[in-house]
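Input: a single structure, listed below in structure tokens.
There are 2 protein chains.
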Amino acid sequence: MLDDATESAPTARPSEARNRILDTANRLFYAQGVRAVGVDTLIAKSGVAKATFYKHFPSKDDLVLAYLDAVDKAWTGQLHAAAAAAGLDPADQLVGLFDALTSACERDGYRGCGFINTAAESTPGSPAHVRTIAHKHAVRAWITDVATRAGAPDPAALARSLTLLLDGGLAAGALDADPLTALAARDTARGIVDAALSA
Amino acid sequence: MLDDATESAPTARPSEARNRILDTANRLFYAQGVRAVGVDTLIAKSGVAKATFYKHFPSKDDLVLAYLDAVDKAWTGQLHAAAAAAGLDPADQLVGLFDALTSACERDGYRGCGFINTAAESTPGSPAHVRTIAHKHAVRAWITDVATRAGAPDPAALARSLTLLLDGGLAAGALDADPLTALAARDTARGIVDAALSA
DNA sequence: CACCAAGCAGACAGGTTTGTCTATCTCGGT
DNA sequence: ACCGAGATAGACAAACCTGTCTGCTTGGTG
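Here it is as structure tokens:
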């Protein structure tokens, strides 16, 4: 009864099949939305048995959360990389963030921010919604840090402006894949950062 | 056969039942997303017969498009009203736009931009997606006009910056109903407009 | 009055969705 | 040689979704 070690607890550990499922989910959920992709499709496309699927992810919602975690990891990584590539000056890093946006928009099949899209499909208060808020909050907290290092008089306000711009770029880029949009976001960010730091 | 006048062509004219359906759709689609609301729910909540529903809207997608038209009318109206309320100076009007954002975020049950949310649920190329792009384009064109009247050296670029900010505010406000977000958008807009006009 | 458009009520068809369950196969380790 | 973990294949249940169709009621108009 209480012997947890041998019972079939939801496997969170890596596994060949689990990776395949997660991989398929990442592609399909992003491309079509979480609601448009059924469990059967996921199973078929990842070449896995139904029982295996439900063993690793007791419900579809669990898979959605795992998908969101993957999106978080990917996007956060891209932001950090873009900042690092912009040099050592924190002010340049703040602007450099927007190179991640440009790269994302250029990628084929770009469809905006996985978090925002998923949140649009889930009701406020749901786990997916909550996780989206946490993600956005973490990103903004990190940008606030960079803004602090850049010596901004009001780092929180600067970070807020920049995240607004970033989210706007993500949302707009999902509609028309106009490269000008991302570039405009970057230019605008440059202006905002310069104005904030020269105050 | 060819006598169109008497056959049951999809009624686009107003009608008591039609209004009720559209009204329910506006509420439910916005609150829960178009995919989460089934035809049966729509019918039950608007107290209408199924046949009546399908007479006015031959398919659910038709209703979705009608819903988007309503969203367009509402949001465009609010933007125009906010601009007008900001006074006669076009520069003030550009900033005043963001009062519409603030009001929207404060409204109870606010869940972002109906267009962006619906687009997140529909595949690129679908009628809903196309209509969303058209809506965003129309808004930006109008803002470009105002920017031109304000004497901006590059009205298109200014409008692009402002719409990015606006979309960002719409997306962010849908997650956490933090009133600071909308205010930050307005402040940022003020800075951008002033910078653009003093160039 | 007779007619007809508009609406109501609800059964029905056919497909899809999530999730459970049984039965079998294939390994690696002891 | 054997056992158990993990995988496969697929039937099945129960709900739900879109869309069609038949019948009945009602109110206005020629």
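So the protein sequences, as listed, match chains C and L. If you count by the numbering used here, then the first sequence holds residues 1402 to 1600, one letter each, in order. If you count by the numbering used here, then the second sequence holds residues 1402 to 1600, one letter each, in order. Don't be surprised by glycine CBs; every beta carbon is placed ideally from N, CA and C.
Quick check on Ala1406/C - is its C-beta less than 8 Å from some C-beta in chain L?
On the first sequence, residue 1406/C is found 5 positions in, with the first residue counted as 1. For Ala1406/C, the predicted structure reports a pLDDT of 38, less than 50, and the residue's modelled location is therefore unreliable. A value from the coordinates is still provided. Judged by the 8 Å Cβ criterion, Ala1406/C is not in contact with chain L.
Can you check whether the CB of Gly1497/C is closer than 8 Å to the CB of Ala1484/C?
Within the first sequence, the letter at position 83 stands for residue 1484/C. Within the first sequence, the letter at position 96 stands for residue 1497/C. Yes, Cβ-Cβ distance for Ala1484/C and Gly1497/C is below 8 Å.
With respect to the alpha helix (DSSP H) encompassing Tyr1431/L, which residues constitute its N-terminal and C-terminal limits?
As a first step, residue 1431/L must be located in the second sequence, where it is residue number 30. It spans 1417-1433 - the alpha helix (DSSP H) in which Tyr1431/L sits, taken as one unbroken run.
What in chain L is Cβ-close to Ser1562/C, meaning under 7 Å?
Residue mapping note: residue 1562/C aligns to position 161 of the first sequence, counting from 1. Neighbours of Ser1562/C on chain L, chain order: Ala1585, Thr1589.
Check the Cβ of Gly1552/L against every Cβ in chain C and list those closer than 9 Å, keeping chain order.
Position 151 of the second sequence, counted from the start, is the residue given in the question as residue 1552/L. None at all; the shortest Cβ gap to chain C is about 18 Å.
How many Å lie between Pro1525/L and Asn1420/C at the Cα?
Counting from 1 along the second sequence, the entry for residue 1525/L is found at position 124. Counting from 1 along the first sequence, the entry for residue 1420/C is found at position 19. Roughly 28 Å separates the two Cα atoms.
Buried/exposed call for Gly1569/L, threshold 16 Cβ in 10 Å
As a working note, residue 1569/L is residue 168 in the second sequence. The residue in question, Gly1569/L, is buried, as its Cβ has 16 or more Cβ neighbours within 10 Å.
What ranges does the alpha helix (DSSP H) occupy inside the region 1526-1582 of chain C, keeping only unbroken runs of at least 4 residues that lie completely in it?
Those alpha helix (DSSP H) runs which fall completely within the region 1526-1582 of chain C and span 4+ residues are 1528-1550, 1556-1576.
Gly1513/L and Gly1574/L closer than 8 Å at C-beta
Translated into positions along the second sequence, residue 1513/L becomes position 112. Translated into positions along the second sequence, residue 1574/L becomes position 173. Yes. Within cutoff.
Any C-beta of chain C sitting closer than 8 Å to the C-beta of Thr1549/L?
Position 148 of the second sequence holds residue 1549/L. Cβ-Cβ to chain C under 8 Å: no for Thr1549/L.
Contact criterion: CB-CB distance below 8 Å. Does Ala1558/L meet it with respect to chain C?
Mapped onto the second sequence, residue 1558/L falls at position 157. Chain C contact via Cβ: present.
By Cβ distance, which residues of its chain are closer than 7 Å to Thr1589/L, with the 5 residues on each side in sequence left out?
Here residue 1589/L is taken as the residue at index 188 of the second sequence, counted from 1. Same-chain partners within the cutoff: Leu1566.
Among Arg1428/C, Asp1546/C, Ser1527/C, nearest to Tyr1377/C - alpha-carbon criterion
Any answer about residue 1377/C is impossible in this case: the structure gives chain C only from 1402 up to 1600.
Taking Asp1509/L as the reference, give the member of Ala1432/L, Ala1426/L, Ala1553/L, His1536/L with the closest Cα.
Residue numbering aside, residue 1509/L sits at position 108 when the second sequence is read from its first letter. The shortest CA-to-CA distance from Asp1509/L to any of Ala1432/L, Ala1426/L, Ala1553/L, His1536/L is the one to Ala1432/L.
Quick check on the burial criterion: 16 or more other C-beta atoms within 10 angstroms. Buried or exposed for Pro1491/C?
Taking the first sequence and counting its residues from 1, one reaches residue 1491/C at position 90. Of the other Cβ atoms in all chains shown, 16 or more fall within 10 Å of the Cβ of Pro1491/C; this residue is therefore buried.
State the Cα-Cα distance for the pair Ala1558/L and Asp1546/L, rounded to the nearest angstrom.
Here residue 1558/L is taken as the residue at index 157 of the second sequence, counted from 1. Here residue 1546/L is taken as the residue at index 145 of the second sequence, counted from 1. Cα-Cα distance, rounded: 12 Å.
Listed by chain order, chain C residues near Asp1470/L by CB distance under 8 Å
Here residue 1470/L is taken as the residue at index 69 of the second sequence, counted from 1. In chain order: nothing, as chain C lies at least about 17 Å away.
Pro1491/C lies in the alpha helix (DSSP H); which residues open and close that run?
Within the first sequence, residue 1491/C is the residue found at index 90, counting from 1. 1491-1507 is the span of the alpha helix (DSSP H), which, as asked, contains Pro1491/C.
Using beta carbons (cut-off 8 Å, strictly below), is Leu1576/C in contact with chain L?
Stepping through the first sequence from its first residue, residue 1576/C is reached at position 175. Chain L contact via Cβ: present.
According to the neighbour-count rule (16 or more other Cβ atoms, all chains shown, within 10 Å of its Cβ), is His1538/C buried or exposed?
For the purposes of this step, residue 1538/C is taken as the residue at position 137 of the first sequence. His1538/C comes out exposed.
Quick check on the DSSP output: the alpha helix (DSSP H) that includes Tyr1468/C runs from which residue to which?
Counting from 1 along the first sequence, the entry for residue 1468/C is found at position 67. Note, Tyr1468/C: alpha helix (DSSP H), 1461-1486.
Beta-carbon neighbours of Asp1568/C, restricted to chain L and to distances below 7 Å
As a working note, residue 1568/C is residue 167 in the first sequence. Gly1569, Ala1572, Ala1573, listed in chain order.
Ordered along the chain, which non-local residues of its own chain (more than five positions away) have a Cβ less than 8 Å from that of Arg1550/L?
Here residue 1550/L corresponds to residue number 149 of the second sequence, with the count starting at 1. Cβ neighbours of Arg1550/L beyond the five flanking positions: Pro1491.
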